[in-house]
Every structure is written in C-alpha cells, then in structure tokens.
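Written out below as structure tokens is the structure these notes cover.
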Amino acid sequence: MRIQQLHYIIKIAETGSMNEAAKQLFITQPSLSNAVRDLEKEMGIEIFYRNPKGITLTRDGMEFLSYARQVVEQTELLEERYKNPGAKRQLFSVSSQHYAFVVNAFVSLLKETDMEDYELFLRETRTWEIIDDVKNFRSEIGVLFLNSFNRDVLLKLLDDHRLSHTHLFTARPHVFVSKTNPLAQKELISLEDLADFPYLSYEQGIHNSFYFSEEILSQEHHKKSIVVSDRATLFNLLIGLDGYTIATGILNSNLNGDNIVSIPLDYDDEIELVYIQHEKTILSEMGEKFISYLLDEVKFDGN
C-alpha cells in the first residue's frame, strides 16, 4: 500500500466519480481504476460499489476512508514539520467530551502562548472517538470522565489500547437547567424531581453503549429523553424545553451564557475527570501548558 493510493481513494470519494477524480489527479482513468483494484485486492475488501451512475463507498470503504484520511493528514504534518527545517509551526491536538472548561483551557493556551504560526485542533467528540484519536496519535491528549458505572469497562479499554489516564479532579453530580425551569430555585434536586422533565444527553454514534455515555445515570430509564450531537443544541434545549442534563457542575457564562444554572443532585456517586495519553508518548510543552490551564479552570469549591 502506498500513500499515493490513499490520496486516490480520498479524491474518488470527494468527487463521486472515477473519471472526475482521474482528471483532478492528472492521471488516466484506467490507471486510477487499476490502482484502486490493486489496493482492494491487497486489503481484501471492496472499497467502492461500481454502477452505471457512478460509485459509492461500501461499509468497509467508509471505514477505510476514515483511516486513509488520518494517515494522509499525519503524513502531511510530518512533511511540513521535517521537510522544512526552518519551520516553527506549533502543532497540538486534544479530543474531549463536551466540557466548557476544556474550551476555556484551550483559549488560555492560545492567549498565553507566544505563537506566530500554529495548527491546533480541539475536537469535541464522542467517547469512543476520543480513545481512538489518542490511540492513533491523532490527538496528544483526551479528556473524559469515569464513575462507578463505566470505570471498569473504560479502564479495560484504555489498557487494551496502551493508553494511560491521569486524574484531573473529582466532582459531585450536578443538574444543569435553565433559570426559568421550575427546578431552578431548588438547592438540591432529587431523581424524583427530574422524572417529568426531558433528559438531554449526547449522541455516541455506532458505539452507543451506556458505558460510553457522557452523562451518569444513562443506564436508567428516562420517561422523556432527547439525544443531541453538540453542546450548543443541548443548552438551547435546556432553555427552550425545560430539559436537564447531569454533569460536573462547572459552568462558564462566557460560553454558556447566564441562562443556565447548576444545582447539586441528590445522588451518591462521583464524577472523576481524567486526561488520557498514549503510553509511548511524553507530553509536549504545549500539552503540559494545556493541562496546567485545564487545572486552573476546574478549581472550584467542594471539588
């Protein structure tokens, strides 16, 4: 398998046409077709469905394409980093569950670090993808939570992928609701109080296991449940539908506005936030700074 073949696969997927991809790649269509067939034979999979109207990715092809893009991206970063000895471009990447304090730490990293040329990545993504990003060195650091329900499963998964985890902080569960929610005036919320309100949680894609959920009590039955894919939508629904979610209790008005409040949940559990990294890596200077800013963000009373 050659890097050039991966470029071919990506271009074909982008254009949806073997002929158009060949034109943009400045090669003949038969040469491109032969290169794809050779790769399919080598990998033992069919990457594209071929029909008179064009081509589409197979299920194996979609998975292969995601890995191909990662390899090509990393190759381009390597070339940029080492083929140009004079380059001082700063590179750093972190993958995280949906936490405002991670975004704030990322902002601090940018503001407080003197960089003229950089390429940084902040991926708010699904739990499985965080682990996969760090496993495949796509991100230097991953941030996620552990509790009594998911701990054994996630630690086994981290160990299988040779990933280490480091404690950041421990928090008591809190409920996030809008200021107009009837529960907003309570000093402590019980599970019974929440029964008639919509429960909001983050979608986890094909790895939709209770163990990968970003919220505690995901394994419990909720009479009303709404699943979303991003933090902005979740907070809009907290306000618009009097919904709730369960999290660490850390809010930031700059990112979340002043319409959301955090109230302790009367439930005997703890949320431990950790960062993960590959056992074969040592944190870069950027990584060390990010963790320092992250710890500054999560210093709050009672946790």
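Under the working numbering, the very last position in the sequence shown is 303; numbers go up by exactly one each time. Beta carbons: idealized from backbone N, C-alpha and C, even for Gly. A quick note: this is a predicted structure, and the numbers were derived from the prediction, not measured.
Is residue i helix, strand or coil when you go by DSSP?
i, result
"Arg162", "coil"
"Asp114", "coil"
"Thr28", "coil"
"Leu91", "strand"
"Gly243", "coil"
"Tyr267", "coil"
"Gly287", "helix"
"Glu203", "coil"
"Leu120", "strand"
"Ser262", "strand"
"Thr213", "A quick correction: the sequence has Ser, not Thr, at residue 213. Looking at Ser213 - three-state DSSP - the assignment turns out to be coil, as it is neither helix nor strand."
"Ser96", "strand"
"Gly249", "coil"
"Gly302", "Because Gly302 sits at a pLDDT of 39, beneath the cut-off of 50, its placement in the model cannot be relied upon, and the following sentence gives the value as read from the coordinates. In the structure shown, Gly302 sits in coil (DSSP, three-state: anything other than H, G, I, E or B)."
"Glu40", "helix"
"Glu20", "helix"
"Asn208", "coil"
Residue range of the beta strand (DSSP E) that residue i falls in?
i, result
"His7", "Element bounds for His7: not the beta strand (DSSP E) but the alpha helix (DSSP H), 3-15."
"Val227", "225-228"
Just list the residues that DSSP pairs residue i with in beta bridges.
i, result
"Gln74", "In the DSSP output, where bridge partners are listed per residue, Gln74 has none listed."
"Tyr49", "Thr56"
"Ile276", "Gly142, His165"
Using a Cβ-Cβ distance cut-off of 7 Å, determine whether residue i contacts chain B.
i, result
"His161", "You won't find chain B in this structure, because it holds only one protein chain."
Quick check on the DSSP output: the alpha helix (DSSP H) that includes residue i runs from which residue to which?
i, result
"Ile130", "127-135"
How close, in whole Å, do the beta carbons of residue i and residue j come, if the pair is a contact with beta carbons under 8 Å?
i, j, result
"Gln219", "Trp128", "In fact, because the Cβ distance is near 17 Å, the residues do not count as touching under 8 Å."
"Leu122", "Phe106", "5 Å"
"Gly313", "Leu200", "The question about residue 313 has no answer here: the residues shown for the chain are numbered 1 through 303."
"Asn147", "Glu270", "6 Å"
**Study point:** Inside the stretch 145-201 only - beta strand (DSSP E) runs reaching at least 3 residues
**Key:** Taken in chain order, the complete beta strand (DSSP E) segments of 3 or more residues contained in the stretch 145-201 are 163-171, 174-178.
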